[in-house]
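**Student:** If you read the sequence shown in full-length UniProt numbering, its first letter stands for residue 1, the second for the next number, and so on.
Glycine residues also receive a C-beta, built at the ideal position from the N, C-alpha and C atoms.
Take a look at the following structure, please.
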Amino acid sequence: MVEDRVTTAAVNSSVELRCFVRGTDRNIYLKWTRSDGGQIPANHILREGVLYIPNVQPEDAGEYSCLGIVEGDVVLFTAKARLAVVAPPRIQVNPPRQTSRIGDIIRMRCTATGDQPISIDWSRIGGYLAPNMVQSGGDLIFQGVTANDAGRYLCTAVNAAGKAEGVSELAVNEETPIDYVRKEQTAFIGANIQLKCAVAGSPAPQLEWSKDGGPLPDNAKVINNELWIKDIRMENAGRYICTASNTAGRTRDYVTLNVRAVPTLEVKIEANKEIVNMGDTLDLRCKVTGDATAYISWEKVAQDGVMPDNVRIRGPVLVINGVMPENGGVYRCTVQSYAGLFTDDYVLAIQVPPTIQPDLVETRTAPFGSTVVLDCKTTLDPPVAYTWYKQGGVLPLDATQSEGLLTIPEVKGEDAGTYICSAKSPIGTIDIPTILIVTGVVPYFSQTPLSYMKMPTLSDAYLNFEVEIAFKPESMNGLLLYNGQKRDQGDFISLTLNNGYVEFRFELGSGPAILRSREPVEQGKWHIVRISRERKNGVLNVDDQPEITGSAQGRFLGLDLVEPMYIGSVPDFRAIEQNAGATRGFIGCISHYKTGRVVHNLLREAEAYGISTCETCSANPCLHGGVCQEALTIVGHNCICPPGFSGRDCETVGEACYPGVCGEGRCINRPGGGFDCYCPLGRTGVRCEKDIIIVEPAFSDDAYIAYPTPKALRTLKMNMKVKPHTTDDCLIAYCAQSEDGSGDFTSIAIKNKSVEFRFDMGSGPAIIRSPEPILADEWLSIVAERDMREGSLIVNDGIASKGMSPGIARGLNLHTPFYVGSVDKHRVSVSPFAEVHHGFDGCIAHIEVNGVEIDLVNSAVDAANVEDCGGRTPCEKNPCLNDGTCVEDDGSPQGYVCECLEGYSGTNCEIETDLCSLIDPCKNGGTCSGSGNSYKCNCPLAYKGTNCEEVSTFSDRAYFEGDGYIALDDKLLPHTEATKDEVISFSFTTSSLEGLLLFHGQKPESDGKGQDYLAAAVVDGYFEFSFELGGGPAQIKSPVKVNDGKIHSVILKRTGRHGSFILDGLHQQFGQSQGILQMLNTDGDIYIGGVPNHLLMTAGKYPQGLIGCLWDLRIEDSGTINLYSSAKVGANVQDCEESEASGEYLDELEENFVQK
């Protein structure tokens, strides 16, 4: 028999199950087993019928059997016992802290989960519960808070395994949580109305709307805590409940809406002018028919304070004398009568004189990816000058203008909007708007029978990643995202809908982590989900739900993903990991997909199968006559608002952009209403109405100038003269790889009252700061220079501050314009790693990039709100470079002359004397490169020496010094068949961390970025075999370093996408290129030891050539190639025996050749 049929133990405790025999003298062996199919814990101890289990875990719970065994294997009896494992309770106290007014009734709630029974008890820390405090279940209820109730309260939950505690704190003050204004409103059929719940409180309350007796009607929408009802119907009448809550409490109130039939009363604003120019007198008459006793009032919507002095109100008439730009906006006439409250609005759009009546606004619709041609239709007599711009934005980068035509190729969703053609002739100017709508922007997944999109595998996801997706489901089950390692097995990530709940799963090799949302999503509504992972830990965010966290099992930290990223479904669910959590595809719309900081355009970037168009604008959500545009946003649309309205759904009434309001400038709507004018160079004023001559630009309030993008892949040098008006943190210059703030960038800024130079090539920023603090209103000279990973900063000819970027990246990729003063913040987001965002406040007198001086005015490609510095003597801006001395001279064109130091010349001492041009040192066809005090000769084949004065020959062994190369005929490796094996072998030796061994790509004058290539190189000390066929490179690396100065032999092999190499006959490595392309398309020579231009030809991937020897080169069936006689051209190459290699190395090399 067993001692106890049921034994209870707490988690992590120890327990004994006892079995004994009575009433017999037979020799019986007692053995314990699990009779419920489970396993006896591995750490158990069995001694004389006692089963001892240390460190009990939940999985140890179950039914155990004690077997009495005689005669070896005969079971005489069985006795059963059950082990129950209990865990201490887990507790949650809500709210953890709250503030209440005296007299309020509040509640503290304590909930506990775990093994029952659980008892819950409240106590007060440092005191006793007062008579006004009542415990009910897990709640502590205060029936009328007093000032003495402020303090901390302890909830204690106890079960058989232990206890848990939680604290809730109460603060008592006299703040008013919420104050309501009760009201009743009346509206007429067909009208629009806003129902407001006037509230006040601290903190600001959150509002929810509902209708008494049923759901909100389909023509009602909550916008900014207000309930908007469009095209009111009789059934909209009733009581609408407003529920407000904050941490101080929760309460409800209502607004009663009465709906009446349309009366005969009519309100209409009549203007004395159809077109209003600046300087006109405008009369607006509020005309009321149907009630002669109605009371009329006027207001300007979104106007703070009183109206301007030139506005007069005389009963039903509003008069504006001498219209000014600030008079633009929306004017509202409000009529109070027996029939209720009526309004009518008038939008005052001021034209820039002289103005000619434009045609009606044309709306053009174009499918995604098509070419659109917009025509500036005008009746003006020639000659006519046409200028196109986009209202509230910038023209697409690939758009072209020709006469009155604007051509936009491959139109995208973000190209939609209002385009303005400004046509100017000798008799006047006319602004002609055209609205462009782009359709087919948002993909729809129908799964009839299969719909999915394929993107490249999630990059750089081995240790961490972030993904964001917005979708509108039509089914509550389906696969949103899947990215795996191998077919039907291995690591993976997945995002699924499971009965409406969002599930995020990832597998690192020891079992999947599964994160599940607390609440299901709603069908037919837009939702946004963010998933992220840092090593074993994952995070799931769904809309505004609480964040979900979880961890993967086991000890693995890395995530290996190789297969493509599938969106919406996969080609075959049988071919994915069985723990992915989905067996069907997603049905609905996906409008937004973001990885890291990159927002992807799915229709443009992804391969699509079975995809159709999501009609996100079928029910127009835009108010006030706005035009709905499908868009890759989190709600699937944008609204193109008419003049006078703004906001996501055109819900904000107030001053907004309209054609001509900013003259020659660009108009940008503010998010909260109103607009700003961005004036081009040469224009200033509130509406860009004034001319200005700019000699030296002055910046403030995020004014900027944009110049052409500099070439900076390998090196970059910036020389500037600036005068800051303040020493606050600000951005002086900025250029980046992308407009969204991701990728590479470089910046010059003022940070903590010092000049700072930063550059980031993808592995973290180099931060170089001048040690000396700067002073306001004093001129500074700044020289910021970068060479590969190394950078330097010199301020006011002081000591150079130096720094280096982390990681191994060496190329700086820049694509945005070079911004000075600030950036176009409606187009460009500054990298967060720049750590400064406010624009420069001060003057700039000189900019030089890579040795070329920039014309501050005529070289600009874009600008906004730049003024002129003015009031300076010629020498005050320190124009003389390289320590030259400035002397004022009224007779010179510049008003000054520069006295230059020896070795420099030019107007501003900008020309450094070149030794190459002075002494022409290079012989035998060598080319010279140098500076004022040094030079280097690049020697052709057959020559060497400082001045290429010595004869040098070699055969199949060649020595390179990092700047040499040999070009062989590309016919040795034609790449004519995708399925043909290509084999290359050679031997080499080097002690350098970097060095290009072999390269086959494009011609020397071609940019290698994005082009096909095949390369073998030493990268960070390791051997690397790489090739690119157009879908993403293969990069196959050796497991051991090869920069040890010893001899290494390698055999390369490529067949289509697949490649491999064998290093020293010991290490065999495999890899493949991304995508589906098989052919290698090259038209350049085969280069050995390096290339003529590493920066251009390899796109900075391989910054230098080999430093060492290379021999025994064989390409296909060529046999050993004589590098000297086979070379088409070359430079800086000599025989291995002529290099400064050690005798030991030469002996080893000779022995290697003898063995062969």
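Nearest-angstrom Cα distance between Glu175 and Asp139?
**Tutor:** In the sequence shown, residue 175 corresponds to position 175, counting from 1. In the sequence shown, residue 139 corresponds to position 139, counting from 1. With a pLDDT of 47 at Glu175, under the threshold of 50, the modelled position of that residue is not reliable, and the figure given next carries that caveat. When rounded, the distance between both Cα atoms is 24 Å.
**Student:** Identify whether Ile1121 lies in helix, strand or coil by the three-state DSSP scheme.
**Tutor:** As a working note, residue 1121 is residue 1121 in the sequence shown. Residue state, collapsed to three classes: coil.
**Student:** Counting only beta-carbon separations shorter than 8 Å, does Thr439 have a partner in chain B?
**Tutor:** Among the chains in the structure shown there is no chain B, since it carries only a single protein chain.
**Student:** What did DSSP end up calling Pro1039 once you bin it into helix, strand or coil?
**Tutor:** Residue numbering aside, residue 1039 sits at position 1039 when the sequence shown is read from its first letter. Three-state DSSP puts Pro1039 in a strand.
**Student:** Check His815 in the structure and name its three-state DSSP category.
**Tutor:** As a first step, residue 815 must be located in the sequence shown, where it is residue number 815. Coil, per DSSP.
**Student:** Whose CA, out of Ser13, Ala244, Glu165, Val795, lies closest to the CA of Gly201?
**Tutor:** Looking up residue 201 in the sequence shown gives position 201. Cα-wise, what sits closest to Gly201 is Ala244.
**Student:** Going by CA-CA distance only, name the one from Glu1024, Ile1047, Leu1066, Arg535 that's closest to Ile1036.
**Tutor:** What you label residue 1036 is simply residue 1036 of the sequence shown in a count that begins at 1. Checked all of Glu1024, Ile1047, Leu1066, Arg535; the closest Cα to Ile1036 is Glu1024.
**Student:** Which first and last residues belong to the alpha helix (DSSP H) in which Ile919 is found?
**Tutor:** Here the question's residue 919 lines up with position 919 in the sequence shown. First-last of the alpha helix (DSSP H) with Ile919: 915-919.
**Student:** For Leu450 versus Tyr609, is the C-beta spacing smaller than 8 Å?
**Tutor:** Indexing the sequence shown from 1 puts residue 450 at position 450. Indexing the sequence shown from 1 puts residue 609 at position 609. Cβ distance < 8 Å, so Leu450 and Tyr609 count as in contact.
**Student:** May I ask you to report which of helix, strand or coil DSSP gives Ser159?
**Tutor:** Here residue 159 refers to the residue found at position 159 when the sequence shown is read from its first residue. In the sequence as displayed, the identity of residue 159 is Asn instead of Ser. Residue state, collapsed to three classes: strand.
**Student:** Please list, in chain order, all residues of the same chain as Gln447 whose beta carbon is under 6 Å from its beta carbon, the five residues on each side excluded.
**Tutor:** On the sequence shown, position 447 is the one that residue 447 refers to. If we look at Gln447 and ignore the five residues flanking it on each side, its Cβ neighbours are Gly585, Ile587.
**Student:** Tell me the DSSP secondary structure of Asn882 in three-state form.
**Tutor:** Position 882 of the sequence shown holds residue 882. Asn882: coil per DSSP, three-state reduction.
**Student:** Secondary structure at Pro473, three-state DSSP: helix, strand or coil?
**Tutor:** Taking the sequence shown and counting its residues from 1, one reaches residue 473 at position 473. The answer is strand: DSSP assigns Pro473 an E or B state.
**Student:** On the three-state DSSP scale, how would you describe Arg957?
**Tutor:** The residue labelled residue 957 in the question sits at position 957 within the sequence shown. It is a strand residue.
**Student:** So, with DSSP's three-state summary, where would you put Glu1033?
**Tutor:** The residue you call residue 1033 lines up with position 1033 of the sequence shown. Position check: residue 1033 holds Pro in this sequence, whereas Glu was assumed. Of the three classes helix, strand and coil, the one that applies to Pro1033 here is coil, per DSSP.
**Student:** Can you check which of these residues, Gly23, Thr7, Cys948, Thr24, is closest to Leu17 by C-alpha distance?
**Tutor:** Translated into the one-based positions of the sequence shown, residue 17 becomes position 17. Among Gly23, Thr7, Cys948, Thr24, the Cα nearest to that of Leu17 belongs to Thr7.
**Student:** If we ignore side chains and look at the alpha-carbon of each, how far apart do Ser13 and Val50 end up?
**Tutor:** In the sequence shown, residue 13 corresponds to position 13, counting from 1. In the sequence shown, residue 50 corresponds to position 50, counting from 1. Between Ser13 and Val50, the C-alpha separation is close to 17 Å.
**Student:** Given Leu557, which residues of its chain have a CB within under 8 Å of its CB, disregarding the five upstream and five downstream residues?
**Tutor:** Locating residue 557 in the sequence shown gives position 557, counting from the first residue. Same-chain partners within the cutoff: Leu463, Leu508, Arg535, Lys536.
**Student:** With DSSP as the reference, label Phe573 as helix, strand or coil.
**Tutor:** What you label residue 573 is simply residue 573 of the sequence shown in a count that begins at 1. Helix, per DSSP.
**Student:** Under three-state DSSP, which class holds Gln553?
**Tutor:** Numbered from 1 along the sequence shown, position 553 holds the residue referred to as residue 553. Correct three-state label for Gln553: coil.
**Student:** In whole angstroms, what separates the C-alpha of Glu888 from that of His600?
**Tutor:** Along the sequence shown, one-based indexing puts residue 888 at 888. Along the sequence shown, one-based indexing puts residue 600 at 600. Using only the alpha carbons, I get a separation of about 56 Å.
**Student:** Quick one: residues in its chain with C-beta nearer than 6 Å to the C-beta of Gln401, no 5 flanking neighbours on either side, listed in chain order?
**Tutor:** The residue labelled residue 401 in the question sits at position 401 within the sequence shown. So the list reads Trp388, once near-sequence residues are dropped.
**Student:** Using the three-state DSSP reduction, which class does Val352 fall into: helix, strand or coil?
**Tutor:** Your numbering for residue 352 matches position 352 in the sequence shown. Summary for Val352: the model assigns pLDDT 48, below 50, so the residue's position carries little reliability, and this model does not support an answer.
**Student:** Please return the same chain residues whose Cβ sits closer than 6 Å to the Cβ of Thr363, not counting the five positions on each side in sequence.
**Tutor:** Within the sequence shown, residue 363 is the residue found at index 363, counting from 1. If we look at Thr363 and ignore the five residues flanking it on each side, its Cβ neighbours are Ile435.
**Student:** Assign Phe757 to one of two classes, buried (16 or more other C-beta atoms within 10 Å of its C-beta) or exposed (fewer than that).
**Tutor:** The sequence position of residue 757 within the sequence shown is 757, counting from 1. The residue is buried, with at least 16 neighbouring Cβ atoms inside 10 Å.
**Student:** From the DSSP secondary-structure annotation, give me the bridge partner or partners of Val849.
**Tutor:** One-based indexing of the sequence shown puts residue 849 at position 849. Paired residues: Met718, Val852.
**Student:** Let me know if Pro354 comes out buried or exposed under the rule of 16 or more other beta-carbons within 10 Å of its beta-carbon.
**Tutor:** Within the sequence shown, numbered from 1, the residue matching residue 354 stands at position 354. With a pLDDT of 36 at Pro354, under the threshold of 50, the predicted position of this residue should be treated as unreliable, though the coordinate-derived value follows. Exposed, since its Cβ has fewer than 16 Cβ neighbours within 10 Å.
**Student:** Cα-Cα, which of Pro1092, Ile911, Leu1052 is closest to Pro940?
**Tutor:** The residue labelled residue 940 in the question sits at position 940 within the sequence shown. Per the Cα distances, Pro1092.
**Student:** Quick one: which unbroken alpha helix (DSSP H) runs of 4-plus residues sit fully inside the stretch 400-484? Chain order, please.
**Tutor:** Qualifying alpha helix (DSSP H) stretches: none in this window.
**Student:** Since Glu226 contacts Gln185 with CB under 8 Å, what's their CB separation in whole angstroms?
**Tutor:** Taking the first residue of the sequence shown as position 1, residue 226 is located at position 226. Taking the first residue of the sequence shown as position 1, residue 185 is located at position 185. Rounded, the Cβ-Cβ distance is 12 Å, inconsistent with contact.
**Student:** The beta strand (DSSP E) that contains Met133, what's its start and end?
**Tutor:** Within the sequence shown, numbered from 1, the residue matching residue 133 stands at position 133. Met133 -> beta strand (DSSP E) spans 133-136.
**Student:** Specify the secondary structure class of Asp344 as computed by DSSP and reduced to three states.
**Tutor:** Reading the sequence shown from its first residue, position 344 is the one you call residue 344. Strand.
**Student:** In the DSSP assignment, find the beta strand (DSSP E) that holds Met804 and state where it starts and stops.
**Tutor:** Within the sequence shown, residue 804 is the residue found at index 804, counting from 1. Element bounds for Met804: 801-804.
**Student:** Where does the unbroken beta strand (DSSP E) through His1048 begin, and where does it stop?
**Tutor:** Along the sequence shown, one-based indexing puts residue 1048 at 1048. Counting along the chain, the beta strand (DSSP E) containing His1048 begins and ends at 1048-1055.
**Student:** Quick check: what's the CA-CA separation for Val352 versus Val857?
**Tutor:** Position 352 of the sequence shown, counted from the start, is the residue given in the question as residue 352. Position 857 of the sequence shown, counted from the start, is the residue given in the question as residue 857. Because the pLDDT of Val352 is 48, which lies under 50, any placement of that residue in the model is unreliable, and the number read from its coordinates should be weighed accordingly. Going from the Cα of Val352 to the Cα of Val857 covers about 26 Å.
**Student:** List the DSSP bridge partners of Phe840.
**Tutor:** Reading the sequence shown from its first residue, position 840 is the one you call residue 840. In DSSP, Phe840 forms no bridge with anything.
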